[in-house]
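Colleague: Chains as they are written, first to last, in our numbering: chain S, 1 to 721; chain A, 722 to 1442.
For each residue, glycine too, the CB sits at the ideal point set by N, CA and C.
One structure coming up, written as structure tokens, with questions to follow.
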């Protein structure tokens, strides 16, 4: 456990810190340790890539045997290099890397890229080497990329270099790519080269011993070359830190959009779970919450990643979601309309004047309503008039431009009119020139002029949807926070006492105390230790639920230990005797401490609130409607704690059953503000007490607007830290 | 109305009949009416395409002025051609086409392809010309493609011809494409040429005046060249005929898989609807039902259409859904695993012997479990050993083969080993060689050898999912039909009487009679016309629901006209007086016929059954759980009537809330067989009585297994035919 915590702490340092990365991306000099002239070797591939990348600094091959590598004078060791060295790229067997790191430290090297494999990914022995390597780097303030990676590429014309063994070079551009899979890097470079997609930086992070995604995101956010960041992720850590930092980067004053593909097995270890929340949560829920809260767009495939990145990298964001479509064919226009609407956009309603202008330029058979159909025989002049007219329309926030190659179509001329009109409009324009061969020269013109292009109108419409989604994130309102006061110490004391007594499961007696300390609307309650006290309790509290209290009895209903709706003192006294007698009969050895008397909660919409804690991500909060909604429909929402008012509102409103809290079927509107406050208290509770592993409040009764909520039942699972 | 019916009837004839299509696809001679030598003209494009398509018959240009067209002797009219003519391709102004058709009839022409535009798509005048053209064709037994189309292409080396004005030719292959959009045809041909996808037939159907999709599906099903049919559809008609025919073609003894993209505005006319079913149904629901019941796979985009078609055209179907993945890189393997599972497949569990063989061929660091990772330095021999081993494994039903270009990777050699191994295994293999440039020679080898290839592993996994989905359709069980008897005449009499009386809305009094005639479990009921009769009714029937009966009172609750759970004769008599008094007070002018006394249905799961009739598709049936499930979650299933036992079961089981009928949360399992029978009775009712426009049975109470169902309420909306 200690070991894990230590590694975790170290991890965060490297994972998150962007300091010293300049030595990695823009070194004044580079040594390649393990450089080789042998054909087919990685040492040669890396060295040749740097050599051929117009690197403006000095490159030193280090090879214990060779006098020169590819014609460049070589040195037997780092120490032998007569000049200072900023960055060392290392391609030697894993076992030798700690020694190389020590030499590098002595030489004053500030950055290492360890390409070699044979570390953590191979088992405990490799993991030990990786730890040693990392320890040396940490000790001497050296930043480390890898090990077990493809290297990195910086396309900056002044300071750039290709320190990778990728077969293919990256074209310069403004998209950064960070990948946890080296093999994917190669395929992506190949794909991007064909599609004329350019990169600012391209980083294979490998095992992420030191530098992780968060450090790179910070660095790339400050990189003037980078406009969009794409991630390929298999696993992340440090959820809270990730969200805190990345939400500012994607949504702050100088925003950088980030897109991610996350893959990983869906099936999880069959760990036993003790709560509803535990059974519904899972890594997918965690990552979805993580990305959503960070403002990172989760793409569904590598292709979508590119499709959206090229739009974000080149186009302004739409002011709202009213989109115009221009096409020279009906079918593709219909397809684009469908996908436009499914992507959360709407078809702009063109102004009368726009339609007047369109009518004057287009033949009678053309459609001057949106989608605008310039019809099959349109030459570029007709397209130009139509595009200018819709871009000038104040009701239009963006344009999807479709061309099908027909006999009169002027493919290149039409492509050429788009960039200027688009640029001066300040509105996003995306295009689909359908087909691959006939239209390829037109596509080239679009790509060279930063008009994102898609082979089919579906892709164009989805990309426009992504632009709008990012705009919505940037311009979301920030709800005022509630001032909530909590008694952290009181809750901590109850938790500590339970753990000291070896108890992990807390029922509602202690659970309610903890919730009360955090300001949850818990019904007043007392412990009755006799039939007479039970009667008095009902006199004081009103109609009660009664539950047996015994450390040995967990399933109270099974022993006849629960009665609800007890309204009179007499009924309470009788119920007390009956409950105790039944419990004694079922569990003769149980120590019975009395009967818990709690005022019945008034009716309301039953919801469930929960916590499930993850080691690398902290507590995941859950919200949903109770009963069948959670059990059959799994209609719940998740967020990683801590959340703010925005997050609480989003959790409440994003379930499908939200109308049931909002006056559906003639019911009263539920007290959503009180519910949002409960979620914020839950977030605070989860954040303050790491010993809470799982928690269900099930149900919480949400009363009508202004009437608040009531906790009707809860259970907590503790885990010693 | 008569007009519509007439056109509808004619429509079906052309839409569905495949007779005479040989004259269109494989004519012995072709005349091109409107052939022209003028550059840029459609008449020239079509003529040149036929001329250059290695057509084995004779081509005659018809041009009123020219002596020759492109060097071929021309004729002023069809009549002047000295030889017989099978097919005429027509490119003259729309207004002249009926005259051309008459000439063609006189000449003995059996098929027309009218490429010209200016018909129905331009308005009423054009529609009149189209009707005249069609009438001439019908009168003389001439089959007609178009008008307003791109033409068609048959790639058959013996009988083929390219009778279209497409810029690009189609490569020969075994996929047929039928498109309602001419512009899309051009783009698709272009796309397919680049991807080396070949077509058997390629048809632009245009306005579908005569020949429609069903006729072409029938013809293509019998075409030995065609293995897969792809459709691009904007609207279809004759739903029942389509389903009846196409389900046999996709799922019969000599099955042809069919894929479709259907586009069309999602928003519908804001027609007032009077039932739950009416408000939840819609064109999307209709088309989804239509395709599902026909066994037509609905692709989500043009790209998916191709992705799945090339797999179906080249690969055998998997015996079950256990898939193995072979990769040389971890990341892409993980991506493929995710999508594999999301596509309804599962990762095969390899046999011990397979893993033993893999272990013997692969290095220690390789993963011999599924997904099999041959790791980055794998050459083709290692891939070969791995592919052979997993294909030999009886637990493996298909293989996804992934390659990323790394320094040791032998791209062409690896591609070359797949086809033979795949073929001898009899199992489907799909591949993803990632990247575009480096791997392009490998991809070419795959494409030439009929191994479907996808740029990213996601596409490969989804295509494998499509293969399995088609296999599941082919091998579905056919449930035995119930023998249900109904009294059609009794129901017809009630409907006729209501319509004769000018009543469109039937409440539960007449509704129940109709349902009883169709064997629905309707609670016994009687009409009480006095307080005393009401009391007697409860004595006879048991506890009753009581509802005012008055032709003028539709919203019975609003006038205090409903009481439920009346258990004693006294209570019934009192309730009678109260109901009548309240109704008189609220609606003094209403004619009160009495109070409807109906035995209370026992408790059960509340479900809703419904009918909504569409003009071109007939009745759409709906099923779902009642109340919030239908209103908020819209958790309902649809099928077009008539359905069979399979369809009824599918409707019941495909809603998300199905567990609530299947013993969820400790409840009794509901009587699903009785529910299936109710759905089949509903189907029969809808089919037998076209006057039923909408119907809700809401709720139907479904009791525990063996206890049947009870109709608790119903309403019917009639429309005179």
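Measure the C-alpha to C-alpha separation of residue 707(S) and residue 600(S) and round it to an integer number of angstroms.
Modeller: Roughly 15 Å between the two C-alpha positions.
Colleague: How should residue 106(S) be labelled, buried or exposed, when 16 other C-beta atoms within 10 angstroms of its C-beta is the threshold for buried?
Modeller: Classification of residue 106(S): exposed, given that the 10 Å Cβ count is below 16.
Colleague: Mind checking residue 1126(A): buried by the 16 CB within 10 Å criterion, or exposed?
Modeller: Result: buried.
Colleague: Go ahead and label residue 482(S) buried or exposed: buried means 16 or more other beta carbons lie within 10 angstroms of its beta carbon, across all protein chains shown.
Modeller: Exposed is the call here.
Colleague: Which full runs of the beta strand (DSSP E) of 3+ residues lie inside the region 1138 to 1220 of chain A, going along the chain?
Modeller: With a minimum length of 3 residues, the continuous beta strand (DSSP E) runs that stay inside the region 1138 to 1220 of chain A are 1150 to 1154.
Colleague: Looking only at C-alpha atoms, which of 390(S), 439(S) and 427(S) sits nearest to residue 411(S)?
Modeller: Nearest of 390(S), 439(S) and 427(S) to residue 411(S), Cα basis: 439(S).
Colleague: Measure the Cβ-Cβ separation of residue 246(S) and residue 295(S) and say whether it is below 9 Å.
Modeller: The answer is yes: Cβ separation under 9 Å.
Colleague: What distance in whole Å lies between the Cβ atoms of residue 695(S) and residue 611(S), which are believed to be in contact at a cut-off of 8 Å?
Modeller: Confirmed, Cβ separation roughly 4 Å.
Colleague: Any heavy atom of the ligand NAP closer than 8 Å to the CB of residue 594(S)?
Modeller: The ligand NAP is not part of the structure shown, which contains no ligands of any sort.
Colleague: Which value, in whole angstroms, describes the spacing of the CA atoms of residue 838(A) and residue 376(S)?
Modeller: Each residue's Cα considered, the two are about 11 Å apart.
Colleague: Any contact of the region 283 to 291 of chain S with the region 311 to 326 of chain S, i.e. 3+ C-beta pairs under 8 Å?
Modeller: Judged by Cβ distances under 8 Å, the region 283 to 291 of chain S makes no contact with the region 311 to 326 of chain S, as fewer than three pairs qualify.
Colleague: Only counting runs of 3 or more residues, tell me where the beta strand (DSSP E) segments fall wholly within the region 727 to 770 of chain A, in order along the chain.
Modeller: Listed in chain order, they are 750 to 754.
Colleague: I believe residue 430(S) touches residue 400(S) by the beta-carbon criterion, under 8 Å. Please report the beta-carbon distance rounded to the nearest angstrom.
Modeller: Between residue 400(S) and residue 430(S) the Cβ distance is about 6 Å, and since that is below 8 Å, they are a contact.
Colleague: Here's a check: name, in chain order, each residue in its chain whose Cβ is nearer than 8 Å to the Cβ of residue 1207(A), leaving out the five neighbours to either side.
Modeller: Excluding positions up to five away in sequence, the list reads 1238, 1239, 1240, 1402, 1405, 1406 and 1409.
Colleague: Give a yes or no on contact between the region 188 to 204 of chain S and the region 216 to 226 of chain S, applying the rule of three or more CB pairs nearer than 8 Å.
Modeller: Touching, per the Cβ criterion.
Colleague: Indicate the three-state DSSP secondary structure (helix, strand or coil) for residue 1283(A) in the structure shown.
Modeller: Strand, per DSSP.
Colleague: Does any residue of chain S bring its CB to less than 9 Å from the CB of residue 1321(A)?
Modeller: Chain S, which has no Cβ nearer than 9 Å to the Cβ of residue 1321(A), makes this no.
Colleague: Comparing the C-beta of residue 372(S) with each C-beta of chain A, is any distance below 9 Å?
Modeller: No, because no Cβ of chain A sits closer than 9 Å to the Cβ of residue 372(S).
Colleague: Hey, could you find the ends of the alpha helix (DSSP H) residue 651(S) is sitting in?
Modeller: It spans 645 to 653 - the alpha helix (DSSP H) in which residue 651(S) sits, taken as one unbroken run.
Colleague: Could you tell me whether the region 490 to 504 of chain S touches the region 339 to 346 of chain S, where touching means 3 or more Cβ pairs closer than 8 Å?
Modeller: The region 490 to 504 of chain S is not in contact with the region 339 to 346 of chain S.
Colleague: For a contact meaning CB atoms closer than 8 Å, what does residue 656(S) contact in chain A?
Modeller: Within 8 Å Cβ-Cβ: 1353 and 1354.
Colleague: Output yes or no for whether 9 Å exceeds the beta carbon distance between residue 1325(A) and residue 1422(A).
Modeller: Going by C-beta atoms, residue 1325(A) is nearer than 9 Å to residue 1422(A).
Colleague: Excluding sequence positions up to five away, which residues of its chain have a Cβ less than 6 Å from the Cβ of residue 1440(A)?
Modeller: Answer for residue 1440(A): 1414, listed in chain order.
Colleague: Three or more C-beta pairs under 8 Å: does that hold for the region 152 to 164 of chain S against the region 127 to 136 of chain S?
Modeller: No: fewer than three Cβ pairs fall under 8 Å.
Colleague: In chain A, what lies closer than 8 Å to residue 287(S) by C-beta?
Modeller: Ordered by position in chain A, no residue passes the 8 Å Cβ test against residue 287(S), which lies about 12 Å from the chain.
Colleague: Tell me the DSSP bridge mates of residue 230(S)?
Modeller: Note: residue 230(S) sits in a beta bridge opposite 177(S) and 259(S).
Colleague: Just to confirm the assignment, what range does the alpha helix (DSSP H) spanning residue 590(S) have?
Modeller: Segment: none, residue 590(S) is in no alpha helix (DSSP H) and carries neither H nor E.
Colleague: If you drop the 5 nearest sequence neighbours on each side, which residues of the same chain put their C-beta closer than 7 Å to that of residue 1189(A)?
Modeller: Taken in chain order, the residues that qualify are 1039, 1042, 1065 and 1066.
Colleague: So residue 953(A) contacts chain S; which residues on that side make the cut at Cβ distance below 8 Å?
Modeller: In chain order: 331.
Colleague: Show which residues of chain S have a CB atom less than 8 Å away from the CB atom of residue 1176(A).
Modeller: Near residue 1176(A) (Cβ distances below 8 Å), the residues of chain S are 191 and 303.
Colleague: What number of angstroms, rounded off, separates the C-alpha of residue 1305(A) from the C-alpha of residue 1354(A)?
Modeller: Each residue's alpha carbon lies about 39 Å from the other.
Colleague: Could you check which residue in 300(S), 556(S), 75(S) and 258(S) has the C-alpha nearest to that of residue 474(S)?
Modeller: Of the candidates 300(S), 556(S), 75(S) and 258(S), the one whose C-alpha sits nearest the C-alpha of residue 474(S) is 258(S).
Colleague: Among 1076(A), 1100(A) and 1083(A), whose alpha-carbon lies nearest the alpha-carbon of residue 1115(A)?
Modeller: Measuring from the Cα of residue 1115(A), the nearest candidate turns out to be 1076(A).
Colleague: Using beta carbons (cut-off 9 Å, strictly below), is residue 1129(A) in contact with chain S?
Modeller: Cβ-Cβ to chain S under 9 Å: yes for residue 1129(A).
Colleague: For chain A, is any of its Cβ atoms less than 9 Å away from the one on residue 705(S)?
Modeller: Output row for residue 705(S): interface = no.
Colleague: Is there contact here, the region 57 to 77 of chain S with the region 182 to 194 of chain S, by at least three beta-carbon pairs under 8 Å?
Modeller: With the cut-off at 8 Å, the region 57 to 77 of chain S and the region 182 to 194 of chain S do not touch.
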